[in-house]
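The next block holds one structure in the form of structure tokens; read it before the comments.
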Amino acid sequence: MTMQITAPEVYQGQFGEFTITQSDRTGVIIYRAGLMVAALSFAIGSALVLFNNNPSVFTVLTPLYACFSLALGVSLLTIHIYMASLHRVLQAFWAIGTIASVVLALSSSEPLAVTVYNQPITLFGLGFIFVALTGIYFKEAFCFNRLETKVLTVIVPLLLLGHLVGILPTQLEQILLGIWAILFLVFALRKTVQAIPQDIGDKSVFTYLKEQRSTKI
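Written out as structure tokens, the structure is:
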């Protein structure tokens, strides 16, 4: 009995043919797994804030936030974005926000969530993580026309900027946070059943852009 080796499927891209490797597929799986872990961490943290009145809950939020941030960083490392400069900017935003978060967590005597809530100005540092997350929402909304990511692209800056300048009542902030947590989970869950090649995109475009950058050097 002889084994037949199936040739990889060839796709026609804008600038030529390309194939999708196992490494490409693994990258997408890691990207989606990162989103799921980030969404679950964020949803659990949000639920604790919205439905638990025990002040001790705020100490639990810091490790949940760390898990969220790390998972988001993994997703930003493996996401496929045609514009390399935009990809690097989102990664830089994540790094700035992460560093600011670590500094705040180590320098404050209060739990990180309490510090950020009581001192909205800290969002000028920590908030860059959520700018990077909004970049992912925008990319997904633009590429796949997903309703939940369109709404998230608006809700996240509305909530954070609204809290920063102090124009949103607490009840509205809670509502927006709840919607954010739910839609983030919906987004992550829908990604699990999406065809993997869609997240890889047109590899011929990546090749073309790489060649263009090489010729300019």
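Residue numbers (my numbering): 1 to 217. Cβ coordinates follow ideal geometry from the N, Cα and C atoms, glycine included.
With DSSP as the reference, label residue i as helix, strand or coil.
i: Val-103; result: helix
i: Leu-76; result: helix
i: Met-1; result: Its pLDDT being 46, under 50, Met-1 is placed unreliably in this model, and the coordinates cannot settle the point.
i: Asn-118; result: helix
i: Ile-168; result: Sequence inspection shows Leu at residue 168; the Ile mentioned does not correspond to that position. Coil.
i: Met-83; result: coil
i: Pro-157; result: helix
i: Gly-127; result: coil
i: Ser-46; result: helix
Across which residues does DSSP place residue i in a beta bridge pair?
i: Val-10; result: Thr-19
With a threshold of 16 other CB atoms inside 10 Å of the CB of residue i, please say whether the residue is buried or exposed.
i: Gly-34; result: buried
i: Ser-85; result: exposed
i: Ile-136; result: buried
i: Thr-170; result: exposed
i: Ala-39; result: buried
i: Gly-166; result: exposed
7 Å is my cut-off, CB to CB: does residue i come that close to chain B?
i: Thr-153; result: Protein chain content of the structure displayed is limited to a single chain, and chain B is not contained in it.
Which residues mark the beginning and the end of the alpha helix (DSSP H) in which residue i is found?
i: Asp-199; result: 196-200
i: Val-271; result: This structure cannot settle anything about residue 271, because the visible part of the chain is limited to 1 through 217.
Review point. Is it true that the stretch 104-113 meets the stretch 51-61, where meeting means three or more beta-carbon pairs spaced less than 8 Å apart?
Key: Enough Cβ pairs lie closer than 8 Å, so yes.
Review point. If we count Cβ pairs, one from each stretch, closer than 8 Å, do we get three or more for the stretch 89-98 versus the stretch 128-145?
Key: Put simply, the stretch 89-98 touches the stretch 128-145. At least three CB pairs are less than 8 Å apart.
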